[in-house]
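Notes to accompany the following structure.
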Amino acid sequence: MVYCAENYKQQLLDLGAVEAVPLSTLVSFRVGGPAALLLCPKGEEELLSALNLCEQGHIPVALLGNGTNVLPGDEPFLGLVISLTGFREAPVFQGNRVMVPASASLTALAKQSVRRGYMGLERLCGIPGTVGGAVAMNAGAYGGEIKDTLVRVRLYRDGTFSWEDARLADMGYRKSPYCWPKALVTAVELQLQPDDGTAQATMESCMLKRKEKQPLHLPSAGSTFKRPEGHFAGALIEGCGLKGFSIGGAQVSPKHAGFLVNAGGATAADVHALMAYVRQTVFNETGIRLEPEVKGMEEVTCIF
Ligand SMILES: Cc1cc2nc3c(=O)[nH]c(=O)nc-3n(C[C@H](O)[C@H](O)[C@H](O)COP(=O)(O)OP(=O)(O)OC[C@H]3O[C@@H](n4cnc5c(N)ncnc54)[C@H](O)[C@@H]3O)c2cc1C
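Residue numbers (my numbering): 173 to 476.
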């Protein structure tokens, strides 16, 4: 199937795109078919050139951060995957404000800010995504959310990049107005607080809880389902006797039922089938509908 005229493809290759990259190498679930093209832009200029070419050539664009909340399919993705993990700039601290490229690791930033004597991100340490992905998803853990620190976002809009004050009122549980294809974040400004002496201990205790409770030794996308109002997805799934249940290589983690894991050799179809089975069983037994937190390829793709 033709997804892109040869001249556009060649120009994307000239920009540094590579062909036929398995999506399984780009997402933490370690499943997924091949992407026709992958580009990891090193900065806004390269990103802009790629987006312009895709717009002119009507080439589908999927945007990934670190791929830790995305579940692709097994079929080929016929378009360009942009992985925002390769910007060259480093975070810049100015007093208790920090400007961070979207591609920065959230966990590395949390550790760096604690080392510098600031708090605000210590509860988010251990979330394995980028800062851009965290803002897109309004990532959160142990009572903290990225929105608590967000001041401004740098967005791509109509062929250019500009800073905007963060629309905090539109951000909520795993929801923000900054998620592709609605928006593309290239940098953020965060406001931290001076450490009151508890940041390091809080960070260590959050990391320990993750290690004790989560199946971090197996590929997954973290919590597969959102927390339904008044409940925990993991407790509902466990209550239905599904801990350890598997389809093909996909398994409901015996350690934490809220995590569906790739226990070895899973296909995307296995994970999708297990998700559907878990949702149906929980609905039949409790009347509660679990909504996926992980995003499918179609949700992270824009066709200009
Ligand atoms: C072991 C494990 C533990 C986890 N624990 C937590 C947790 O405690 N709390 C939590 O909230 N999440 C958790 N997650 C899920 C995931 O890490 C977060 O949602 C994270 O913020 C996703 O970041 P990412 O860079 O990997 O984004 P991706 O997964 O690559 O993308 C997620 C979405 O954001 C969009 N996106 C990515 N970057 C940008 C950008 N720059 N501009 C606009 N849109 C963008 C993508 O198109 C996609 O729609 C966990 C995942 C794993 C594997």
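Don't be surprised by glycine CBs; every beta carbon is placed ideally from N, CA and C.
Query                                                                                                                                                         : Result
Is it true that the region 356 to 366 meets the region 271 to 287, where meeting means three or more beta-carbon pairs spaced less than 8 Å apart?            : yes
With H, G and I counted as helix, E and B as strand and the rest as coil, what does DSSP make of I254?                                                        : strand
How close, in whole Å, do the beta carbons of S395 and F201 come, if the pair is a contact with beta carbons under 8 Å?                                       : Wrong, their Cβ atoms sit about 13 Å apart, outside the cutoff.
Using a Cβ distance threshold of 8 Å, determine whether the region 241 to 260 contacts the region 454 to 468, with at least three qualifying pairs required.  : yes
Which residues share a DSSP beta bridge with D337?                                                                                                            : R324
Tell me where the beta strand (DSSP E) around T358 begins and ends.                                                                                           : 357 to 363
Three-state secondary structure (DSSP) at M343?                                                                                                               : coil
For L293, which residues of its own chain have a beta-carbon under 6 Å away from its beta-carbon, when the five flanking residues on both sides are left out? : A282, S285
Just how far apart, CA to CA, sit F404 and E361?                                                                                                              : 32 Å
Kindly indicate the opening and closing residues of the beta strand (DSSP E) around S221.                                                                     : It is not in any beta strand (DSSP E) - S221 instead sits in the alpha helix (DSSP H) that spans 216 to 229.
Nearest-angstrom Cα distance between R451 and L462?                                                                                                           : 6 Å
List the residues that DSSP assigns as beta-bridge partners of F397.                                                                                          : P464
Please find out if some non-hydrogen atom of ligand 1 comes closer than 6 Å to the beta-carbon of C378.                                                       : no
Does the distance from the C-beta atom of I254 to that of L235 stay below 7 Å?                                                                                : yes
Count the CB pairs spanning the region 201 to 215 and the region 251 to 265 that are closer than 8 Å, and state whether there are at least three.             : yes
Are the region 326 to 339 and the region 403 to 420 in contact at 8 Å, needing three or more beta carbon pairs?                                               : no
Can you tell me where the beta strand (DSSP E) with N434 in it begins and where it stops?                                                                     : 431 to 434
Excluding the 5 residues flanking Y290 on each side, which residues of the same chain have their C-beta closer than 7 Å to its C-beta?                        : N268, L364, Q365, P366, D367
R288 by DSSP, collapsed to three states: which one?                                                                                                           : coil
Determine the direct distance from the alpha carbon of S425 to that of K385, and round the result to whole angstroms.                                         : 11 Å
For chain C, is any of its Cβ atoms less than 7 Å away from the one on A311?                                                                                  : Protein chain content of the structure displayed is limited to a single chain, and chain C is not contained in it.
Could you have a look at R329 and say whether DSSP puts it in helix, strand or coil?                                                                          : strand
So, are the CB atoms of R131 and G316 less than 7 Å apart?                                                                                                    : For residue 131 there is no data in the structure shown, the boundaries of the chain being 173 and 476.
Does ligand 1 have a heavy atom nearer than 6 Å to the CB of L356?                                                                                            : yes
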